[in-house]
Every structure is written in C-alpha cells, then in structure tokens.
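First comes the structure, then the notes that go with it.
In full-length UniProt numbering, the protein residues as written are 1 to 202.
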C-alpha cells in the first residue's frame with residue numbers, strides 16, 4: 001500500500017484567512033498498518049499566542065521564540081511528505097493551514113486529504129461523538145500523550161486510521177483499504193457506504 005501522511009497542526013486560531021498561523025506541525029508516515037517515520041517541529045511565524053491558546057495547547061510564546069522559522073519548518077515538512085496522500089482528523093482545518101503555510105514558501109498543496117472524523121461519522125454512528133479523544137476512548141486506542149500537541153494528536157489520528165482500515169478489512173472484506181477508498185467513503189452518505197465499497201471492489 002502507498003504511504004499515507006497523517007498530519008496535525010497547532011495554531012494561533014481557527015483560520016489562516018483571519019491571520020492565524022501555525023505554531024507546531026507533526027506528521028506520522030504510515031505504510032499499511034505500520035508507522036514508518038515521524039516529523040515534528042514547533043515553528044515561529046512571528047505572531048503572538050494568546051493566553052487562551054497557550055493554556056489550550058501548552059505552547060508558549062517563549063517556546064515559539066526559540067523555534068525555527070515557519071518557512072524552514074514548512075519546507076522540511078513538504079519534503080518529508082513528498083507525494084503521499086494525507087489524512088487528518090477534522091481535515092478541513094489542517095488542510096487550510098497546510099495550504100496557507102506552504103503557499104508562503106512558494107509550494108502548492110496538491111495532496112488529497114482524507115478525514116478520520118468524516119469517516120468515523122459514516123462507520124461509527126454509535127460513537128458518543130466524533131471528537132478525536134472520544135473516538136480514541138470508544139475504540140480503546142492507546143494514549144499518545146497530551147491532547148492538543150501536534151505529535152500526540154497525529155499519533156492518535158494515525159491509530160484511528162489504522163482502526164478504520166482494520167474495520168474495513170474485517171467488516172467489509174476490503175483487503176487493501178487505500179486512500180482512494182477513504183476519499184470515496186467520506187464523500188458518501190452513511191447508508192451508501194456498503195454500495196460505495198462494492199463499487200470499489202469491482
């Protein structure tokens with residue numbers, strides 16, 4: 001199976017369109033059901049972190065002041081990902097920051113993003129909610145560290161991705177549930193999942 005890059009950002013706010021910037025990025029590279037590599041770095045985008053966000057993430061202005069520049073980190077992150085398709089939990093959020101921060105270093109974000117939150121809504125309607133931590137508890141996934149730090153959240157999202165792929169194999173007989181299937185399933189309604197898988201299997 002092709003490698004998949006599972007990404008998570010910590011940021012100063014919700015939207016790069018409102019001037020928010022990334023403060024930390026982590027990427028977990030997965031091949032099949034194995035984590036094969038990791039990338040993580042704080043990043044200094046030259047913006048202040050509010051007291052609320054500092055309390056939420058544990059990332060302080062002092063930590064950012066000592067971090068490498070956002071431009072250097074994003075150039076390295078882009079090289080690390082290469083052409084691998086991407087996955088994130090609540091991917092619309094991470095995709096926006098990936099595209100915006102890459103654009104600042106003259107790179108174009110081309111990879112498709114699959115979303116473990118959307119997939120979980122299709123596959124696990126019985127879960128109490130579809131937040132990352134709640135789904136980790138629902139599936140009894142191992143803890144990966146403090147929530148709202150990029151590497152811990154990327155590791156947890158990668159574990160959730162592994163659970164999703166395992167369930168697609170066991171429940172639906174998909175031998176190799178690749179990224180293209182994930183993209184197809186997240187775009188369909190919950191009741192249409194079996195038919196989408198049947199089309200995928202040919």
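By construction, the Cβ of each residue, glycine as well, lies at the ideal position given by its N, Cα and C atoms.
Please report the residue range of the beta strand (DSSP E) in which residue i lies.
i	result
residue 31	22 to 31
residue 34	34 to 42
residue 6	4 to 11
Suppose you measure from the CA of residue i to the CA of residue j; what does that come to, to the nearest Å?
i	j	result
residue 131	residue 165	18 angstroms
residue 159	residue 93	19 angstroms
residue 143	residue 136	8 angstroms
residue 202	residue 55	50 angstroms
residue 79	residue 151	18 angstroms
residue 76	residue 44	14 angstroms
residue 63	residue 147	18 angstroms
Relative to the alpha-carbon of residue i, which residue among the options has its alpha-carbon at the smallest distance?
i	options	result
residue 2	39, 33, 202, 95	33
residue 106	71, 195, 123	71
residue 185	148, 136, 123	123
residue 30	149, 76, 181, 84	84
residue 16	187, 98, 118	98
residue 8	51, 46, 113, 64	113
residue 170	148, 197, 65	197
residue 73	154, 22, 109	22
When DSSP builds the beta bridges, which residues end up paired with residue i?
i	result
residue 115	88
residue 69	44
Can you tell me the Cβ-Cβ gap for residue i and residue j, rounded? I've got them flagged as a contact below 8 angstroms.
i	j	result
residue 195	residue 87	That pair is no contact at about 23 angstroms.
residue 81	residue 103	That belief does not hold up - the Cβ atoms of residue 81 and residue 103 are roughly 15 angstroms apart, past 8 angstroms.
residue 24	residue 59	6 angstroms
residue 4	residue 179	6 angstroms
Could you tell me the boundaries of the alpha helix (DSSP H) in which residue i lies?
i	result
residue 60	Neither: residue 60 is in no alpha helix (DSSP H) and is coded neither H nor E.
residue 200	193 to 201
residue 156	150 to 172
residue 180	179 to 186
residue 46	Where residue 46 is concerned, there is no enclosing alpha helix (DSSP H), given that its DSSP letter is neither H nor E.
residue 136	132 to 138
Would you say the beta carbon of residue i comes nearer than 6 angstroms to a heavy atom of the ligand HEM?
i	result
residue 75	The ligand HEM is absent from the structure shown, which contains no ligand whatsoever.
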